[in-house]
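Numbering (numbering that gives the first Met the number 0) for the sequence shown: 0 to 67.
Glycine included, C-beta positions come from ideal geometry on N, C-alpha and C.
Since the structure is predicted, the reported quantities are computational estimates derived from the model, not experimental observations.
First up is the structure itself, then whatever we jot down about it.
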Amino acid sequence: MVARAVIPLERETRSAIPSAEAAHHLSRSIKTLHLWACKGEGPLKPLRVNGRLAWPVADIKRLMGVEG
0 MVARAVIPLE RETRSAIPSA EAAHHLSRSI KTLHLWACKG EGPLKPLRVN
50 GRLAWPVADI KRLMGVEG
């Protein structure tokens with residue numbers, strides 16, 4: 000498996016990102032994000048795409064105070 004570079008949040012163009020990238024931007028573990036999704040708690044609500052979690056970039060930017 001090749002490590003993939005995480006795109007800076009300011010330059011992110013996708014509407015949603017996978018849990019690993021969202022966890023990186025939020026400085027949380029992937030397990031924390033999965034708990035938020037499972038319990039319906041936390042500051043963000045994920046989207047479910049083909050059985051996988053995707054985290055809205057606009058919500059992450061808003062939470063982190065990033066413009067764009």
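Excluding the 5 residues flanking it on each side, Ser14 has same chain C-beta neighbours closer than 8 angstroms at Pro55, Val56, Ala57, in chain order. In this structure, the alpha-carbon of Cys37 lies about 26 angstroms from that of Glu11. Counted as a single uninterrupted DSSP element, the alpha helix (DSSP H) harbouring Ala57 occupies residues 56-63. With fewer than 16 neighbouring CB atoms inside 10 Å of its own CB, Ala19 falls in the exposed class.
Here Glu9 is actually not in contact with Val48; their C-beta atoms are around 24 angstroms apart, not less than 8 angstroms.
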